[in-house]
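Asker: The listed protein sequences correspond, in order, to chains A and B. With positions in the first sequence counted from 1, the corresponding number in this note's numbering is that position plus 26. With positions in the second sequence counted from 1, the corresponding number in this note's numbering is that position plus 203.
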Amino acid sequence: MKRVSLLKLLAVGALLTGLGFGVVSCDGGGDGGGRAGGGFPRSETLYVGGSQWGDPTTFNPIVEPWLLSWPVNDRFTLMYESLISYNTLDGSFEPGLGTLVSRDVDRVVVDLNPAAKWSDGVRVTSADVRFVFLLGQRFPSAASAFALQFISDVQVEELSDGTERLAFVINKDDRNNPLVVLDLLQAIRIPPAHIFEQLLAEHNNDLRAVQALKLDHSPVISGPYNIEHHNSERIVLKRRDDYWGNDALHGGNMPKPRFIIHPIYKNNDHFATALQQGNLDISQTFVPRIWLRKRDGVHTWFDEAPYHLPGTILFLVINTTKPPLNDVNFRRAMAAAINYTDIKELAVSGYAPEMQPGAIMSHRLEAKYFSQEDADKYGVRYDPEEAKRILAEAGYQSIFRPDGTLDHMLDKDGNRLPTLSIMVPAGWSDFEAAVKIAEKGLRTAGIDARESPVDGGVYWPARPSGNFDILISKIAENVTPSLPWSRFEALMSSRNWAPVGGETPMQENFGRYNNPNSPEYNPRVGQLLGSVPTMTNDDDVRAAYHELNRIFMQDQPAIPLVTIPEQLYQFSDRNWKNWPTSANPYAPPNVPWVGVNTKVLWNLESAR
Amino acid sequence: MLKKYPTIKFISTRAGWYFITLLVAVTLNFTLPRLGPNNPVDIIMGQFGSGLSAHEAQQREERYLMEFGLIRMKGGEIVRDGEGRPIRTSLIEQYGSYVGMLAKGDLGTSFRSSEKVWDIILRALPWTLALQIPTIILGWFIGNLFGAYAAYRRGIFDKALFPMALFLNSFPFFVFGMLLVYAFAILFRWFPPMGGYDLALMPGFSFAFILSAAHHYVLPFLSIFLIGVGGGAIGMRTMGIYELGTDYIKYAKWLGLKESKVLFYVFRNAMLPQITGLALSLGTMVGGALITEMIFSYPGLGMAMLSAIQNQDYAIIQGVTLIITVSVLIANFSVDMFIAFFDPRVKAGIQMGKGG
Numbered sequence: 027m028k029r030v031s032l033l034k035l036l037a038v039g040a041l042l043t044g045l046g047f048g049v050v051s052c053d054g055g056g057d058g059g060g061r062a063g064g065g066f067p068r069s070e071t072l073y074v075g076g077s078q079w080g081d082p083t084t085f086n087p088i089v090e091p092w093l094l095s096w097p098v099n100d101r102f103t104l105m106y107e108s109l110i111s112y113n114t115l116d117g118s119f120e121p122g123l124g125t126l127v128s129r130d131v132d133r134v135v136v137d138l139n140p141a142a143k144w145s146d147g148v149r150v151t152s153a154d155v156r157f158v159f160l161l162g163q164r165f166p167s168a169a170s171a172f173a174l175q176f177i178s179d180v181q182v183e184e185l186s187d188g189t190e191r192l193a194f195v196i197n198k199d200d201r202n203n204p205l206v207v208l209d210l211l212q213a214i215r216i217p218p219a220h221i222f223e224q225l226l227a228e229h230n231n232d233l234r235a236v237q238a239l240k241l242d243h244s245p246v247i248s249g250p251y252n253i254e255h256h257n258s259e260r261i262v263l264k265r266r267d268d269y270w271g272n273d274a275l276h277g278g279n280m281p282k283p284r285f286i287i288h289p290i291y292k293n294n295d296h297f298a299t300a301l302q303q304g305n306l307d308i309s310q311t312f313v314p315r316i317w318l319r320k321r322d323g324v325h326t327w328f329d330e331a332p333y334h335l336p337g338t339i340l341f342l343v344i345n346t347t348k349p350p351l352n353d354v355n356f357r358r359a360m361a362a363a364i365n366y367t368d369i370k371e372l373a374v375s376g377y378a379p380e381m382q383p384g385a386i387m388s389h390r391l392e393a394k395y396f397s398q399e400d401a402d403k404y405g406v407r408y409d410p411e412e413a414k415r416i417l418a419e420a421g422y423q424s425i426f427r428p429d430g431t432l433d434h435m436l437d438k439d440g441n442r443l444p445t446l447s448i449m450v451p452a453g454w455s456d457f458e459a460a461v462k463i464a465e466k467g468l469r470t471a472g473i474d475a476r477e478s479p480v481d482g483g484v485y486w487p488a489r490p491s492g493n494f495d496i497l498i499s500k501i502a503e504n505v506t507p508s509l510p511w512s513r514f515e516a517l518m519s520s521r522n523w524a525p526v527g528g529e530t531p532m533q534e535n536f537g538r539y540n541n542p543n544s545p546e547y548n549p550r551v552g553q554l555l556g557s558v559p560t561m562t563n564d565d566d567v568r569a570a571y572h573e574l575n576r577i578f579m580q581d582q583p584a585i586p587l588v589t590i591p592e593q594l595y596q597f598s599d600r601n602w603k604n605w606p607t608s609a610n611p612y613a614p615p616n617v618p619w620v621g622v623n624t625k626v627l628w629n630l631e632s633a634r
Numbered sequence: 204m205l206k207k208y209p210t211i212k213f214i215s216t217r218a219g220w221y222f223i224t225l226l227v228a229v230t231l232n233f234t235l236p237r238l239g240p241n242n243p244v245d246i247i248m249g250q251f252g253s254g255l256s257a258h259e260a261q262q263r264e265e266r267y268l269m270e271f272g273l274i275r276m277k278g279g280e281i282v283r284d285g286e287g288r289p290i291r292t293s294l295i296e297q298y299g300s301y302v303g304m305l306a307k308g309d310l311g312t313s314f315r316s317s318e319k320v321w322d323i324i325l326r327a328l329p330w331t332l333a334l335q336i337p338t339i340i341l342g343w344f345i346g347n348l349f350g351a352y353a354a355y356r357r358g359i360f361d362k363a364l365f366p367m368a369l370f371l372n373s374f375p376f377f378v379f380g381m382l383l384v385y386a387f388a389i390l391f392r393w394f395p396p397m398g399g400y401d402l403a404l405m406p407g408f409s410f411a412f413i414l415s416a417a418h419h420y421v422l423p424f425l426s427i428f429l430i431g432v433g434g435g436a437i438g439m440r441t442m443g444i445y446e447l448g449t450d451y452i453k454y455a456k457w458l459g460l461k462e463s464k465v466l467f468y469v470f471r472n473a474m475l476p477q478i479t480g481l482a483l484s485l486g487t488m489v490g491g492a493l494i495t496e497m498i499f500s501y502p503g504l505g506m507a508m509l510s511a512i513q514n515q516d517y518a519i520i521q522g523v524t525l526i527i528t529v530s531v532l533i534a535n536f537s538v539d540m541f542i543a544f545f546d547p548r549v550k551a552g553i554q555m556g557k558g559g
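1. Would you give the residue range spanned by the alpha helix (DSSP H) that Met442 of chain B belongs to?
2. Taking all protein chains shown into account, do 16 or more other C-beta atoms lie within 10 angstroms of the C-beta of Gly58 of chain A, making it buried, or fewer, making it exposed?
3. Find out if the Cβ-Cβ distance for the pair Val622 of chain A, Ser111 of chain A is shorter than 8 Å.
4. Along chain A, in chain order, which residues have C-beta atoms closer than 9 Å to that of Ile246 of chain B?
5. If you draw a straight line from the alpha carbon of Gly558 of chain B to that of Ile494 of chain B, how long is it in whole angstroms?
6. What's the gap between the Cα of Thr83 of chain A and the Cα of His243 of chain A?
7. Measuring straight from C-alpha to C-alpha, what distance separates Val134 of chain A and Ser544 of chain A?
8. Nearest chain A C-beta to Ser530 of chain B closer than 8 Å, yes or no?
9. Could you name the residues of the stretch 292-322 of chain B whose beta carbon sits closer than 7 Å to any beta carbon of chain A, in the order they occur along the chain?
10. How about Ser248 of chain A and Val131 of chain A: are their beta carbons less than 8 Å apart?
11. Report the start-end ranges of each alpha helix (DSSP H) in the stretch 333-401 of chain A that is 4 residues or longer and not cut off at the edges.
12. Whose C-beta lies closer than 7 Å to the C-beta of Arg358 of chain A among residues of the same chain, with five residues either side of it excluded?
13. Could you check whether the Cβ of Ile281 of chain B sits closer than 8 Å to any Cβ belonging to chain A?
14. Quick one: measure Cβ to Cβ for Gly434 of chain B and Asn372 of chain B, integer angstroms, because I've assumed they're closer than 8 Å.
15. List, in chain order, every chain B residue whose beta-carbon is nearer than 9 Å to that of Leu436 of chain A.
16. Under 7 Å between beta-carbons, which chain A residues line up against Glu259 of chain B? List them in chain order, please.
17. Return the first residue and the last residue of the alpha helix (DSSP H) that Asp581 of chain A is part of.
18. Output, in sequence order along the chain, the residues in the stretch 386-415 of chain B whose CB is closer than 9 Å to any CB in chain A.
19. To the nearest angstrom, report how far apart Leu235 of chain B and Gly483 of chain A are at their CA atoms.
20. For Ala363 of chain A and Asn139 of chain A, what's the separation of their Cα atoms in angstroms?
21. Give the C-beta separation of Asn575 of chain A and Asp400 of chain A to the nearest angstrom, bearing in mind that I take them to be a contact with Cβ-Cβ under 8 Å.
22. Taking three-plus beta-carbon pairs below 8 Å as touching, is the stretch 342-353 of chain B in contact with the stretch 264-279 of chain A?
23. At the level of alpha carbons, what is the spacing between Phe222 of chain A and Ser293 of chain B?
24. Which chain B residues are close to Lys240 of chain A, counting only those with a beta carbon under 9 Å from its beta carbon?
25. Closest Cβ-Cβ distance between Asp6 of chain A and chain B: below 8 Å?
26. Take Ile196 of chain A as the anchor and find which of A:Tyr539, A:Trp144 and A:Leu205 has the nearest alpha-carbon.
27. Could you have a look at Ser77 of chain A and say whether DSSP puts it in helix, strand or coil?
28. For the stretch 533-549 of chain A, enumerate the residues whose C-beta is nearer than 8 Å to any C-beta of chain B, in chain order.
29. So, for Glu184 of chain A: in the same chain, excluding its five sequence neighbours on each side, which residues have a beta-carbon less than 8 Å away from its beta-carbon?
30. Quick one, which of B:Met381, B:Ser537 and B:Phe544 has its alpha-carbon nearest Ala218 of chain B's?
31. Entirely within the stretch 141-200 of chain A and at least 3 residues each: give me those beta strand (DSSP E) ranges in chain order.
32. Excluding sequence positions up to five away, which residues of its chain have a Cβ less than 7 Å from the Cβ of Leu341 of chain B?
33. Decide if Gly76 of chain A is buried, meaning its Cβ has at least 16 other Cβ atoms within 10 Å, or exposed.
34. When burial is assigned at 16 or more other CB atoms within 10 Å of the CB, is Tyr291 of chain A buried or exposed?
35. If you draw a straight line from the C-alpha of Gly249 of chain B to the C-alpha of Ile520 of chain B, how long is it?
36. Using Cβ-Cβ distances below 9 Å, what residues of the stretch 244-266 of chain A are close to chain B?
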């Protein structure tokens, strides 16, 4: 009996395994286009990571970017290109489908590159640009509809050499903000209007029906790489040898990698392991203790600490409507109680320079708006004694237990204050570590606050609704042309003021700072936020930013904790070399599938 | 009415209970994701709504509410109240449409990719089955062989095997998986640390692909297999020793029956609980696959689930949890039926009308 069973079971097992692989093989082979077994030679393939986590969903460029799959998601430009792109190192605009000609308070002007072509040979024209920028006029729920807050029209003029000149007319009745128009021009990717108009016609002008198309089989694109194959394990792109930009932008050369493969691993460790083993060439995932990986050929922008360039600031956002957090002295005491150096060293692996008070970075392009004098005069730095002094002066009392730990706090009238919670998404290890360090400092100084790790399902809705005491959040994540204005806007704008927990959430100023209906309302904040985007004189801009930052530091509606890199940028030089670094800064520290960084693909050299 | 047919009565009562359990499970599957303070649309708007004006945020929110079936629709149009706000569907209405869809075998549509959840599950399932079924069955079988042999032979073999099996079986399998990865994929680099096949290859019936898939199969296989062997061996050894000490075996020995005949009886009787265990582990494999697949980034249902969680794609999450529930129920039901017909004690009970 035994023998028979063993054989049978083995046979069944083998059969099932075979069947499994068989079904899997069939499934994958379907979109393989007959390449079965052919494979992608390592020496011609770039392996990249960190931009796609779940299963590939859709590659339809008129869907909201967050629903999309790499490389159509975010601001990525390998398949669909933007008009211009922003160099975050020197602040210049580099050409894409178009070239920036001029900008003033009325219009931003871009010349469309007459050589630009879709992959079906049709020329890229103003019709394509108008299609996506004005789609919101036809369909209010279109992903690009928000552009209409900023532009009222795209006017077209044909120059004598046949070039189309596009004027993006600033929408003065709405946001009147040329700064954000520059953001839009580098973020909105142009889809082929002739294809989408046809699709809309086929679907009875139903935008939702067209948005439901995945467009993953040889879609018509303008960019240098097209989707070749995708499944749950990876996304494969193939070089388009007839890409219009090879001649028009890159001196007749083609990008070096023939294929780009993005494996879909499920955690950071797998990307880090693959990077170390030379199976991944570049990744924007978090790799801790990067200095230990050098011997495996893994490098970053700087060879020494802080390894990465700062890109954005991590804040503690404070609910300024809730006592005692509505007391500016209390908030300033909080800011004095937190050890920022510890956060930098321990929470983010030292990948940051020293933090300065205020909402303007003292590094990179923003440095020209930063005032050291103001920061020293108005800013609060780590000083636990100062924190205690501010609290005592404002009438708060901290009750410590005999063992020296904080028990509770009393307000000015001697009433016991509830413990404040600092909301942090559970499992975000660097955020949690930062909050733990902040909590330790706050409690030592006598401020009764506790870390409160919550699920994303609680964290994300808490921000716009204002249902929190304190929460940790990145503000203005991407380095865009509109910084630091967009950071101040996100922190301090009362433009869409709505009460905490009300019907309408607020998508900026989560802490409900500067209530227009309160006696303490400071209209100057709104004036400055409204006027900076239309200022043309550099000195005016600088003065306005100085004033905004002074108000921020004095009112402390949020506490900047540490700078973090815009993108984690780690690459391996085992298969491909000549990556941009601080010693060879021909492109910013970013992944080669976004904006100006796509030129890295032309500059790579095979290391094999 | 069914008194004359105790077996049918037994089966139908059992099936009835399982059906009720299924209904409860479906209800829980529906309710649990909705117990939180926020609906998926609030979460999405909180995460991705930055920079939208109040009007746009409202437009966007309505669209998502519509996609998730959270507002009332009539003829393709949103039904609104006096102030122009969309009317939310009640939990009861949502439950009704959920059960209605399930009854038609429709698990819903992915919010992100507009794909049918069934298609997503069917694409992932072969990987999970190909990894789990042979591994579980083989591990079970070899474990039992070792266990039976240890129980019968005792001595040095047992002394060596038993502690080792205990050690293997008490290891959490994800820790074991991680140790395997560290040792054989990172330290020695004999096997790839993750994935189901070399990503430079196109899946298909090619020698290179099958070889690569086999190479990637080894570590995940071992991580489940060795622990299964441990579990099987311990159970079988204990049961075997127990059976060897029973009166009927002593009696059989006194009768002078052949050793192989005696062993056959021991094996057969010791087998029953082991088969139950096998069926249960087959039933729970889909759930168990989640962690194995995560450790190895191995394709399959677990990864589909994780992916859906990362994508906040609730239809897929619900679909997969339902599949897990149903497979556990089916496994339990089969065990019940199997025992009823093969365990003489239970069988006698049923036939005397005491079953069910």
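Heads up, the beta-carbon is just placed ideally off N, CA and C, and yes, glycines get one too. As the structure is a computational prediction, the values presented were derived from the model and not from experiment.
Answerer: Let me lay it out:
1. Where Met442 of chain B is concerned, the enclosing alpha helix (DSSP H) starts and stops at Phe410 to Leu447.
2. Because the pLDDT at Gly58 of chain A is just 37, under 50, the model does not fix this residue reliably, and the value given afterwards should be weighed accordingly. It counts as buried.
3. Yes, the Cβ-Cβ distance between Val622 of chain A and Ser111 of chain A is below 8 Å.
4. The answer, in chain order, is Gly482, Gly483, Val484, Tyr485, Trp486 and Pro487.
5. Residue confidence is low: Gly558 of chain B scores 47 on pLDDT, short of 50, so the model does not pin down where it sits. Its coordinate-derived value is still stated next. Distance between the alpha carbons of Gly558 of chain B and Ile494 of chain B: 38 Å.
6. Distance between the alpha carbons of Thr83 of chain A and His243 of chain A: 13 Å.
7. Taken atom to atom, the span from the alpha-carbon of Val134 of chain A to that of Ser544 of chain A is near 38 Å.
8. No - not a single Cβ of chain A is within 8 Å of the one on Ser530 of chain B.
9. Here the close residues are Arg315, Ser316 and Ser317.
10. Not closer than 8 Å, so no.
11. The DSSP assignment places 354-363 as complete runs of the alpha helix (DSSP H) inside the stretch 333-401 of chain A, in order along the chain (cut-off: 4 residues).
12. By the criterion of a C-beta distance shorter than 7 Å, Arg358 of chain A is surrounded in its chain by Val406, Ile416 and Gln582, once the five residues flanking it on both sides are discounted.
13. By this cut-off, Ile281 of chain B is not an interface position.
14. Confirmed, about 5 Å.
15. Ordered by position in chain B, no residue passes the 9 Å Cβ test against Leu436 of chain A, which lies about 31 Å from the chain.
16. Contact of Glu259 of chain B with chain A by beta-carbon distance below 7 Å involves Ala171 and Phe172.
17. Start and end: Asp564 to Asp581.
18. Using a CB distance below 9 Å, the part of the stretch 386-415 of chain B facing chain A consists of Ala388, Ile389, Arg392, Pro395, Pro396, Met397, Gly398, Gly399, Tyr400, Asp401, Leu402, Ala403, Leu404, Met405, Pro406, Gly407, Phe408, Ser409, Phe410, Ala411, Phe412 and Ile413, ordered along the chain.
19. Leu235 of chain B and Gly483 of chain A have their C-alpha atoms roughly 13 Å apart.
20. Cα-Cα distance, rounded: 54 Å.
21. Right, their Cβ atoms sit about 6 Å apart.
22. At 8 Å Cβ cutoff, the stretches do not touch.
23. Their backbone Cα atoms lie some 37 Å apart in a straight line.
24. Ordered by position in chain B, the residues that pass the 9 Å Cβ test against Lys240 of chain A are Ser316, Ser317 and Glu318.
25. As shown, chain A starts at 27 and ends at 634. That puts residue 6 of chain A outside it, with no answer to give.
26. Nearest Cα to Ile196 of chain A within the set A:Tyr539, A:Trp144 and A:Leu205: A:Leu205.
27. Collapsing the DSSP output to three states places Ser77 of chain A in coil.
28. Answer set for the stretch 533-549 of chain A: Gln533 and Glu534.
29. So the qualifying residues of the chain are Glu190 and Arg191.
30. Here the closest residue by C-alpha is B:Ser537.
31. Residue ranges of uninterrupted beta strand (DSSP E) with 3 or more members, entirely inside the stretch 141-200 of chain A and ordered along the chain, are 177-184 and 190-196.
32. Excluding residues within five positions, the ones whose Cβ falls inside 7 Å are Phe428.
33. Gly76 of chain A should be labelled buried.
34. Around the beta-carbon of Tyr291 of chain A, 16 or more other beta-carbon atoms lie within 10 Å, marking it buried.
35. Rounded to the nearest angstrom, the two C-alpha atoms are 20 Å apart.
36. Going along the stretch 244-266 of chain A in chain order, one finds His255, Asn257, Ser258, Glu259, Arg260 and Val262 with a Cβ nearer than 9 Å to chain B.
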